[in-house]
Amino acid sequence: MTVDRTPSARMDFAIATAGVLLCAVGFALNRMWSELPWERLALSLCLAALAGLLAWPVRRLLRWSWAAALAMAWSVALALFVGVLPLLAVVLMAAAALAIGSWRLPEDVPARTAVATAIGLVVIGGLNGWLLSWPVQVAPLWYLVLLGVVVLRRNALHASLAGIRGDIGAAIAGAPRWAAFAVTLAGLASTACWLPTMQVDDLAYHLGLPSQLLLHGRYAPDPSHQIWAFAPWLGDNLQGIAAVLARQHARGAVNALWLLLAFTLAGALARRLGGDDSGRWTAVALVASFPPLVWMAAGMQTELAATALLFALLATVLSGSRHWVLPAAVLFAGLLGLKTMHALSALPLLACGAWRHRGDLAWRRLPVALGACLLLGGSSFVLAWWHTGNPVMPLFNDIFQSPFYPPEAYLDARWFSGFSARLPWTMTFDTPRYVEAFRGGIGFSMLALSGVWLLALLRPAHRAIAITTTVVAVLPLVPMQYVRYTYPGLLLLAVVLVPRGRLALGPHGSAWVFAGLCMLNLAFQANAGWLHHSAALKRTIRTLGDETRIFPYYVPERLLLRAIPADDDGIVLSTVPDRNYTAELGGRGRGVLEHDPTLNAARAAAEGDVSGAGWRALFGLSGARWVLVVPHRASPALQRALADSGARRVDAIGDAELWRLPDDTEGSTR
C-alpha cells in the first residue's frame with residue numbers, strides 16, 4: 001500500500017533519514033566492520049535464542065505474551081547468576097523506597113511508581129550519608145528500619161502497585177512485537193549484572209565503602225591513602241546498604257534495579273512526549289541496546305544510577321502539577337550525591353521545569369526544596385570540607401589547598417582533545433580518544449538520529465524539550481571531552497527523539513530505522529569496554545558464576561587476597577599502579593597509584609634505586625605485611641627489595657603473586 005505524503009511530510013522524512021545516511025557513510029569510510037566483535041555478537045544472538053526457547057513453553061502453557069514470557073526467562077537467569085539473597089535485599093530496599101517516594105508525589109507523573117522508587121532511594125541513601133561513619137550499619141537495624149517503613153506505608157505501597165500488571169499488559173498488547181524485541185534487548189543488557197565485579201575503578205575504590213560496611217559496620221574514610229574517600233557517595237552508599245542486608249556484595253542486584261527503573265522511565269517518557277505503545281517499546285529498546293549500558297551495569301560507576309535519576313527528573317518536570325518542585329529537588333540531590341557533573345548537566349531540566357510552570361510556581365516551597373537538596377545531596381561535601389578542607393576533594397585543590405593532595409588542579413590530560421561540533425563524529429568512529437573503549441563502543445545513535453534531532457529543533461512542538469535535552473548531553477563535554485560523563489544525557493536525548501522520529505518516518509520507516517539502529521548498537525555492544533570485549537561473559541555462563549574459575553584470567557589478585565588468613569589484619573600493598581585491587585579489604589589496602597600521592601611519589605623514587613632500598617623504605621612507609629606483585633611488571637629494584645627483605649612468596653595465581661614480609665620488616669607491625 002502506498003502512503004501519500006504531503007510536501008512537508010516528505011521533507012520531514014528526508015531530514016530524518018539524512019542522519020541514517022550520514023551514519024552509513026561514516027561506517028563505510030571508517031571500515032567499522034573490521035571492529036565488529038563477531039564472537040560476542042554470536043553469543044548475544046545465542047542467548048536471545050535460548051531465552052526464546054525457554055519462554056516458549058511458558059507462553060504456550062500459561063498463555064502469556066512473548067514479552068512477559070521472555071521477561072520471566074531473563075529474570076530466572078538473573079536470579080541464578082546474581083543470587084537470591086542479593087535480589088531479595090534489593091527488593092526490600094526498593095519496596096521501602098517506593099513507600100517513601102510515593103508520599104506527596106503528583107499523581108500525573110509519568111511512570112509514577114518508578115519515579116517514586118527513585119526518589120525513595122535518594123532519601124534512603126541521602127540520609128544515610130550522614131550516618132556512614134557511625135557504627136549503625138548492621139543488618140538487624142536496616143531490616144527494622146526498612147520493614148518498618150513498608151509496614152507503616154503499606155496502604156500507599158499497595159495503591160502504588162495496584163494496576164501495574166494491567167498497565168504493562170495493555171502496553172504489551174498495544175505493540176506485542178516491539179515489546180518482545182525490547183524485552184530481549186533488555187535481557188541481553190542485564191547479562192552484565194551476571195558478571196563478578198572486575199572493573200578497575202571498582203576494585204581500586206568503589207568496593208571500599210560497601211566492604212567497610214560489611215566488615216566493620218561503619219565507613220572510616222582515609223583521604224591520606226584514598227583521595228576519593230569523600231567523593232560523592234550515594235551510589236556506593238546504596239550498594240553498601242544492599243550488601244549489609246544480603247550479607248554479601250550485591251552489585252548485580254542493585255544494578256538490575258537501576259536498569260529496570262531506566263527502562264520503565266524511558267518508555268513512559270516516550271509515551272508522554274507523544275508516542276504510542278510502539279514508541280514506548282522503541283525507546284526501551286534504544287536504551288537497552290546502547291553499548292555502554294553493559295559497561296555501566298557491570299560496574300559501580302555512577303552513570304547507571306544517574307541515567308535512572310535523570311529520566312525520573314524529566315518525568316517530574318513533565319508533570320502538570322504545581323507540586324513538582326520538591327520531588328525534582330530530591331532527584332537533583334540524588335544526582336548531586338552521585339557526581340557533581342551529573343548535577344551540572346541536570347540544571348537545564350530544572351530551568352525547563354521552572355519555565356513550564358512559571359505561571360504557578362510555588363515560590364514558598366523553594367526554601368524547603370533547597371533544604372531537602374542540601375540534606376540529601378550534601379553529606380559528602382560537608383564532611384569532605386570538615387575533614388580535608390576541600391569540599392570536592394581532590395578537585396580544585398589549587399583553590400582549596402587541602403594537605404591531602406598537592407596544591408594543584410586535579411586533571412586527567414587524556415581527555416582534553418578539544419570541544420567542537422565534530423565530536424559526535426569523532427566520538428563514534430574514534431572512540432578510544434574519548435573513553436576507555438574500542439571504536440564504535442558508544443554506539444551509533446548520535447549520528448543515526450542526527451536528522452531527527454535537527455527536525456525536532458525545526459518543529460515548534462518539540463523544540464523546547466529538544467534544546468533542553470541537547471544541553472543536558474553537551475554540558476559534560478564542555479570542560480573535558482570524556483564521553484562517559486555524558487552517557488545519561490545521550491540516553492535521555494535519544495528517548496526524547498523517538499516520538500519525533502516515528503512521526504517523521506512513519507510506522508514502517510521508523511520500524512526499519514529504529515530496529516536497525518538497535519541491532520547495529522547490539523553488534524558493537526562488546527566494544528564498550530575491555531571486560532565485554534573479553535571472554536568474561538562466556539566464562540561466567542560456563543562456570544555458573546564461579547569466581548574461582550573466572551578471576552584467574554582477569555583479576556587474580558582477588559583470589560590471592562583470599563589466601564590471607566581470615567584473622568590477619570595486616571596491610572596489603574599492591575605494587576602495580578593500575579592494578580590496585582585492594583578496596584574490598586575495607587581499609588587495609590594500599591596502592592602506589594595516584595589515589596595515594598605519598599606512596600605514588602615514593603614508588604617513583606624507589607623505581608630509580610636499583611639497590612632496592614627505596615622499595616624497602618616504601619614497605620615500611622605503607623606498613624605493609626603482604627605484598628601483591630606482578631612478576632613481568634616488577635622492576636629489578638622491586639625484585640631486589642623483596643629478596644633483601646626476606647619476603648616469602650605465599651601463592652601465585654595467573655600472572656600475580658602474593659608475598660609475605662617478615663615480621664621484623666620495618667612498618668610490618670604498624
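Numbering-wise (the UniProt record's numbering), the sequence shown opens with residue 1 and increments by one.
Heads up, the beta-carbon is just placed ideally off N, CA and C, and yes, glycines get one too.
Taking a cut-off of 8 Å on C-beta distances, the segment 257 to 277 does not touch the segment 366 to 382, as fewer than three cross pairs fall below it. In terms of Cβ geometry, M480 and F416 form a close pair [threshold 7 Å].
Three or more Cβ pairs closer than 8 Å define a contact, and the segment 607 to 616 falls short of that threshold against the segment 583 to 594. Put simply, of D651, A647, D567 and A652 the residue whose alpha carbon is nearest the alpha carbon of D663 is A647. Counting along the chain, the unbroken beta strand (DSSP E) around S574 starts and ends at I571 to S574.
Three or more Cβ pairs closer than 8 Å define a contact, and the segment 520 to 530 falls short of that threshold against the segment 494 to 509.
With respect to the C-alpha of V244, the residue from V115, S278 and A139 having the closest C-alpha is A139. In this structure, A637 and T575 do not form a Cβ contact; the two beta carbons are roughly 11 Å apart against a cut-off of 8 Å.
Counting C-beta atoms within 10 angstroms of its own C-beta, N155 has fewer than 16 neighbours from the protein chains shown and is therefore classed as exposed. Where G353 is concerned, there is no enclosing beta strand (DSSP E), although the alpha helix (DSSP H) around it starts and stops at T340 to R356.
If you keep only unbroken alpha helix (DSSP H) runs of at least 4 residues inside the segment 445 to 530, you get 445 to 448, 450 to 458, 460 to 474 and 487 to 523. Taking C-beta atoms under 8 Å as the contact rule, S402 and G129 fail to qualify, at a distance of about 20 Å. Each of A186, L375 and Y405 was checked against the Cα of G389, and the nearest Cα belongs to Y405. Short of 8 Å from the beta carbon of L326, and not among the five residues preceding or following it, lie these beta carbons of its own chain, in chain order: R104, R365, V368, A369 and A372. From the listed residues V630, H595 and A246, the smallest Cα separation to Y205 is found for H595. The alpha-carbon separation between L238 and G126 amounts to approximately 9 Å.
Distances from the alpha-carbon of L449 to those of R649, C23 and T6 put C23 closest. Counting of Cβ neighbours within 10 angstroms places E107 among the exposed residues, the total staying below 16. By the Cβ-count criterion, C46 is exposed, with fewer than 16 other Cβ atoms from all chains shown falling within 10 Å of its own Cβ. Runs of alpha helix (DSSP H) with 4 or more residues, each lying fully within the segment 34 to 73, are found at 38 to 62, listed in chain order. The criterion of a C-beta distance shorter than 7 Å is satisfied by S160 and L98.
When the five nearest sequence neighbours on each side are left out, the beta carbons in the same chain lying within less than 6 Å of the beta carbon of G440 are those of M32, E35, F524 and N527, in order along the chain. Spanning the alpha carbons of P135 and R218 requires a straight line of approximately 5 Å. Cα atoms of G275 and R463: separation of roughly 16 Å, rounded to the nearest angstrom.
Your pair L157 and A95 checks out as a contact, with CB atoms roughly 7 Å apart and the cut at 8 Å. Closest in C-alpha terms to L85, from the list D167, G163, A114 and R247, comes R247. Under the three-state reduction of DSSP output, V138 falls in the coil class, being neither helix nor strand. Judged by DSSP in its simplified three-state form, L127 adopts helix. Fewer than three beta-carbon pairs drawn from the segment 312 to 325 and the segment 199 to 213 are found closer than 8 Å, and the two stretches are therefore not classed as touching. If the five residues before and after S319 are omitted, its C-beta is found closer than 7 Å to the C-beta atoms of P106, D108 and V109, all from its own chain and listed in chain order. Classified as buried, L195 has 16 or more neighbouring CB atoms from the shown chains inside 10 Å of its CB.
One thing to note: L593 has its Cβ within 7 Å of the Cβ of P577. Judged by DSSP secondary structure, E657 falls within the beta strand (DSSP E) whose first and last residues are A656 to R660. Excluding the 5 residues flanking it on each side, R433 has same chain C-beta neighbours closer than 6 Å at S417, in chain order. For W425, the enclosing alpha helix (DSSP H) starts and ends at L423 to F429. The DSSP assignment places complete alpha helix (DSSP H) segments of no fewer than 4 residues inside the segment 232 to 264 at 234 to 246, in order along the chain.
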